[in-house]
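Below: one structure, written as structure tokens.
In the numbering used here, the protein residues as written are 408 to 570.
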């Protein structure tokens with residue numbers, strides 16, 4: 408059911424309705440979004456200065472309504488110029504089509520882009536179409552991507568190496 412909502416096939420309302428919730432779904436949804444999801448504390452501190460030299464975008468597998476709420480809640484709309492959400496476009500990472508939607512929206516070549524993700528399966532298609540990849544892994548991984556970081560505080564230095 409979440410998969411269908413994250414592909415935009417059903418709304419968040421229909422998602423909760425299919426789970427058996429009625430009019431109280433908004434309260435349950437807000438509680439879930441406000442208490443179960445966090446943002447890495449280093450992330451905002453690093454992202455804000457990056458906006459001075461880089462065009463930042465989000466590529467997310469999520470329910471459209473949830474993503475809109477979270478972008479507002481965490482102030483991400485002020486940092487990221489483009490947000491592409493699977494629930495809006497009908498494709499999820501690792502489907503290459505969602506990466507192409509992003510490239511079209513930012514009007515950029517893959518060679519001029521860097522994609523950061525914590526899942527190898529999402530990084531592979533980005534790499535295959537020519538986007539440089541950075542694996543975010545708290546612990547060292549055995550994956551073979553362009554770069555790996557263990558904290559967002561490492562991101563500015565890695566970007567300097569790339570560009």
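Glycine is no exception: its CB is placed at the ideal position from the N, C-alpha and C atoms.
What you are looking at is a predicted structure, and each value in this text was computed from that prediction instead of being measured.
8 Å Cβ cutoff met for residue 490 and residue 465: yes
Pull up the distance between the alpha-carbon of residue 516 and that of residue 510, whole angstroms please. 7 Å
Distance, Cα to Cα, residue 521 vs residue 429? 42 Å
Could you name each continuous beta strand (DSSP E) segment of 3 residues or more that falls completely within the region 514-540, going from the start of the chain to the end? 521-524
Just to confirm the assignment, what range does the alpha helix (DSSP H) spanning residue 559 have? Looking at the DSSP string, residue 559 is not in any alpha helix (DSSP H), and its letter there is neither H nor E.
Residues bridged to residue 464 [DSSP beta-bridge criterion]: 489
Can you list, in chain order, the residues of its chain with a C-beta nearer than 7 Å to that of residue 499? Leave out the 5 residues immediately preceding and following it. 413, 414, 468, 493, 505
Just the Cα atoms here: how many angstroms apart are residue 542 and residue 446? 17 Å
Just verifying my parser: in three-state terms, what is the DSSP assignment at residue 500? coil
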